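Protein chains: 2
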Amino acid sequence: MMAGPSLTPRKRDILRAVVHDYVLTAEPVGSRTLSRKYELGLSAATIRNELSDLEEEGLLRQPHTSAGRVPSDRGYRVFVNDLMDPPELPSDKQRMVDHMAYQVEGLQELLHQTARLTAVLAGCTALVRVPRPRGSRIRTLSLVRVSDREALLALVTSSGAVTSRLVPLPAPIADSELLILSSFLNAQLRDRPLDTLTYKTLRAISARMERYQACLADLGDRLIDALQFQDEVIVANTSHLARQPEFQASSKVGHLLAFLESGGAVVQLMDSTVDEASEPGTVQVRIGSENALADLAECSLVSATYGLRGQTLGEIAVLGPTRLDYSAAVSVVRSVSRRLSSILTERFSL
Amino acid sequence: MMAGPSLTPRKRDILRAVVHDYVLTAEPVGSRTLSRKYELGLSAATIRNELSDLEEEGLLRQPHTSAGRVPSDRGYRVFVNDLMDPPELPSDKQRMVDHMAYQVEGLQELLHQTARLTAVLAGCTALVRVPRPRGSRIRTLSLVRVSDREALLALVTSSGAVTSRLVPLPAPIADSELLILSSFLNAQLRDRPLDTLTYKTLRAISARMERYQACLADLGDRLIDALQFQDEVIVANTSHLARQPEFQASSKVGHLLAFLESGGAVVQLMDSTVDEASEPGTVQVRIGSENALADLAECSLVSATYGLRGQTLGEIAVLGPTRLDYSAAVSVVRSVSRRLSSILTERFSL
DNA sequence: CCTTAGCACTCTCCGGTCGAGAGTGCTAAC
DNA sequence: GTTAGCACTCTCGACCGGAGAGTGCTAAGG
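Protein chains in written order, with this note's numbering: chain R, 4 to 353; chain F, 4 to 353.
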């Protein structure tokens, strides 16, 4: 966004070193450490001055006076934009990517393996968003009361597939109201092609629905979650997140996991990541608070789309704490998404 | 196994109360609490004596002198065997179970929903083991080196399905050795019906393999994990585990998650649970150390098989800390497994 | 003989204090 | 502009001591 090139080369070197060291150790890094471990040709005192400047510019933070420095989200951003240059994957890893689809048949299995491989190569949690079935539309949608606290949302698509979800009801609701709601949703969504149903569209519909019937409060959001039915997201290696020191404390792990388990939320996240024209192969990085999702304030997402003949089918991403090896993550995601696209093209472009 | 009926009725009441309270609060429960919260008609002092006896019998433990008591694994066992009587599911929950398959099509989707529902009803992590494809056999199996540290295991079944797994290699291994190993495995496994491939069988083969080539060390186990390819296990609501106070500390959550993510390990667990003749609908309970898997020393598993016309197809289970509401869990698992079996029978018994 | 009240004892938990260690910011010299 | 030196600040771990909870034992009461 800004401020990138205004740094002196020396500041750049130092910021790079801080990021590198912190990613490695997860400990705030001090001037002494920097002057010893990195060949900056500077004494600790000089580095201290530079660190102080970098902090003033908002690129570093101090957890407390007299601890070392830690990169801020903006610091990571500068690092990602200007200071790193992700290499091509080392040949042994690249070989694994090339062999990825070896004798794998079936899209679903292919994507599962992709997720696993990405997770292994990047040493992180990996997400793969499965393509929506193209061209199919919503035929009907119905809402049935199951108990006072749960309703069943059933959905039939033009291809004949049926899906259903349990929807928690925030408050008991009369059958008649449910009927009204049901027909409202039907009117809004019938014949809608599934692949036009982004999170934003659903959000808009939900807004109208709330106006229509105020008592439904947050049911809208729940429905959105539930509507993400076909958008399954494959998650691999969640345990990596749980092992990060920054998430050990308190109930953070629990929150994160719950988030990852609610497919809808993950889809929402990914939708918000795609900034229109992102060609397959372009890697996007979202850092910490840039996600604007409280649960992910301390996480970063490195993602790229994959597709077929230029058309985007899905997305593949790596998720970790903001203290992420961005360079490696970008290398992996870039390589895997390219490879996946080319496999799909090879295989399905008859 | 023993010791059940030898308890006086009063001891039974007290043990029941201890289990009940501890499950609820996750805090060691003391004599005073018991005499106040439960209508035992006894003073704290009397209860203390009984608690002392129960501890001597190994049914209770004290985390430290002068803390309250906590049920031991054996205590839970006695509770499960003799002291509880799981009721039928309350009608609202039962209704949800009855509506379970409403308009759901496709086995995979049905099982996913089953897992989710089970998790919701029991308020726990739920596992569903997917049926193996019946009658299909292994046609060929090949092992290809991908890098020094990874090989690819590819498998073709008689139905034509192909699966592959990356197998980590403990040590670099020559192509020629891999070839030998590959043909050995082929000889052992070719034409083997998939549904006879239990963990025990694989274990036996792996043992022979180790003898055959000592340098392969633990590759055997890895292969077993990898071989469980079709045995996918659906896991729902893992975040519940992460939220339990007993797992907050240290890296326990990470371990548990890693365990759940390695499908092979879970299958192994489930295999070891099935004690031969378990008819569909019979609920099995494995408590803590009974699992004999270090990772699960503090977990309990409540499971039942499901099937079609008397034949077992898979298994459904609830997983939680040993401090589990066994009664509720049994109710849910029993009800869901019955229902699932009857849905399958209805639908697939043409 | 079983039950209960009373009491001493033990153990954890919590708050406060203290010293060690790490790292900073500032100043003065090079 | 760079560096050495030094005082200052802050965290972290160890240690201590009191409060609280719970036990085990003993002796009195039904």
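Glycine included, each C-beta is placed from N, C-alpha and C at the ideal position.
Values in this document were obtained by computation on a predicted structure and should not be read as measured data.
- For the segment 231-265 of chain R, the beta-carbon criterion of a distance under 7 Å to any beta-carbon of chain F is satisfied by N240, T241, S242, A245, R246, S254, V256, G257, L260, A261, E264.
- By the neighbour-count criterion, in which 16 or more other beta carbons inside 10 Å mark a residue as buried, G291 of chain F falls on the buried side.
- Annotation: the continuous alpha helix (DSSP H) that includes I346 of chain R extends over 329-351.
- Close CB contacts of A332 of chain F within its chain, under the 6 Å cut and outside five residues either way in sequence, are with A125, V305, V321 (chain order).
- Note: G291 of chain F is not bridge-paired with any residue in the DSSP secondary-structure output.
- Beta bridge pairing from DSSP links Y309 of chain F with F:G317.
- DSSP places L259 of chain F in the uninterrupted alpha helix (DSSP H) bounded by 255-264.
- Within the same chain, and ignoring the five residues on either side of G61 of chain F in sequence, the residues whose Cβ sits closer than 8 Å to its Cβ are S75, R77, G78.
- The continuous alpha helix (DSSP H) containing I50 of chain R extends over residues 47-59.
- In the DSSP assignment, V22 of chain F forms no beta bridge with any residue.
- Spanning the alpha carbons of Y309 of chain F and T117 of chain F requires a straight line of approximately 11 Å.
- The Cβ atoms of A268 of chain R and V256 of chain R lie no closer than 8 Å to each other.
- Taking one beta carbon from each stretch, the segment 91-98 of chain F and the segment 62-74 of chain F have fewer than 3 pairs nearer than 8 Å; the two do not touch.
- Take I346 of chain R, set aside five residues on each side of it, and the residues of its chain with a beta-carbon closer than 6 Å to its own are A104, in chain order.
- DSSP, read as helix, strand or coil, puts A29 of chain F in coil.
- The alpha carbon of N240 of chain F has as its nearest neighbour, out of R:G266, R:S161, R:E249, the alpha carbon of R:G266.
- With a cutoff of 8 Å on beta-carbon distance, V286 of chain R and T121 of chain R are scored as not near each other.
- For F250 of chain F, the CB contacts under 8 Å within the same chain, skipping 5 residues up- and downstream, are L244, V256, L259, E301, P324 in chain order.
- Counting only the Cα atoms, E53 of chain F lies some 32 Å from C127 of chain F.
- Spanning the alpha carbons of P134 of chain R and S139 of chain F requires a straight line of approximately 29 Å.
- Boundaries of the alpha helix (DSSP H) around T117 of chain F: 110-125.
- Closest in alpha carbon position to R132 of chain F, among F:L184, F:H115, F:G109, is F:H115.
- Within the same chain, L130, V131, R132, V133, G266, V269, V270, M273 come within 8 Å of V236 of chain R by CB-CB distance, once the 5 residues on both sides are set aside.
- Minimum Cα-Cα distance from K14 of chain R among the listed residues R:D56, R:S34, R:P31, R:A47 corresponds to R:D56.
- Comparing alpha carbon positions, the residue from R:D298, R:T11, R:S38, R:P31 closest to Q65 of chain R is R:P31.
- Under the three-state reduction of DSSP, R64 of chain F is assigned to strand.
- For I183 of chain R, the enclosing alpha helix (DSSP H) starts and ends at 178-192.
- A distance below 7 Å between beta-carbons, with the five flanking residues on each side excluded, links D298 of chain F to the following residues of its chain, in chain order: H258, L259, F262.
- When C-alpha distances from R19 of chain F are compared across F:V339, F:M87, F:A210, F:I50, the shortest belongs to F:M87.
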